[in-house]
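To keep things clear, I will list the structure first and then write my remarks on it.
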DNA sequence: CGTCCCACCTGATTGC
DNA sequence: TGCAATCAGGTGGGAC
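In my numbering, the protein residues as written are 3 to 269.
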């Protein structure tokens, strides 16, 4: 479901509500695919721990916890349909709930994930697989794509190059930079890469400001929708007229993902 | 190693 | 109305 702006919105929302809380009990669903660490290890690490902070790294929600002076991290990757909710215990459990952290004050942090593409694990020292798009310099950004033969869209989606960008923000930033998604990453000029760097950071900042994109059912920790979808210029608009030039937007598949672009504005 | 493709899941929507 | 096909914000493993 969520890309960088949605994960950031969720992490910030959860952080504001549970930072400093103590976890008294952990329940997990036993669906093996969901758990990258053994469920017992997750329970042992979190039970009795205090939540120091909840933040985003790439598309992963990182919960920093301390238990008996030992620091650890609970990683929540939301996949396509994962949600992280902070609820009062009397609120009915949603279907497909896969983990519940009960807090000392009675509230519950719930991980809900219908498609089960999400993953839960515990670790320490997590830094994510790639570079951080919101703060990377134009120079370092350009460096990432040197010599790469894959399509620029596929490169943007590759989390080990740049982490946090997904299908929506890849298409939206390529449109705003005027670059066709199939262009070979290593053959973009420095000027084009600078435009892409700027467009990507603008789009991500704007989307974070609006609470992310709610395409179907994405909601943050408090059940609020995001509003960046109103500003999508290409994602979800295949066949419609380009908002800038009126040309019909085209759809194709790049890196295995549906891709929409303007054949006139993007070169 | 780089790149491509498909499997992994459920649910909503579309089309016959 | 009913049922099958298609599509979805993401990864990760295997094939080439």
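We put the CB at the ideal spot given by N, CA and C, even for glycine.
DSSP places residue 134 in the coil class of the three-state scheme, outside both helix and strand.
The DSSP-derived three-state label of residue 141 is helix. Restricting attention to 267, 135 and 247, the CA atom closest to the CA of residue 202 is found in 135. In this structure, DSSP gives residue 19 a helical state, which the three-state scheme calls helix. The Cβ atoms of residue 86 and residue 80 lie closer than 9 Å to each other. Here residue 168 has 5 as same chain residues with Cβ atoms under 6 Å from its own Cβ, once five neighbours each way along the sequence are excluded.
Annotated three-state conformation of residue 191 is coil, per DSSP. Taking a cut-off of 8 Å on C-beta distances, the stretch 9-16 does not touch the stretch 29-39, as fewer than three cross pairs fall below it. Nearest neighbour of residue 231 by Cα position, chosen from 260, 193, 142 and 205, turns out to be 205. Rounded to the nearest whole angstrom, the C-alpha separation of residue 208 and residue 42 is 40 Å. Per DSSP, the unbroken beta strand (DSSP E) holding residue 113 starts and ends at 110-114. Across the set 146, 103 and 123, the C-alpha of 103 shows the shortest separation from the C-alpha of residue 91.
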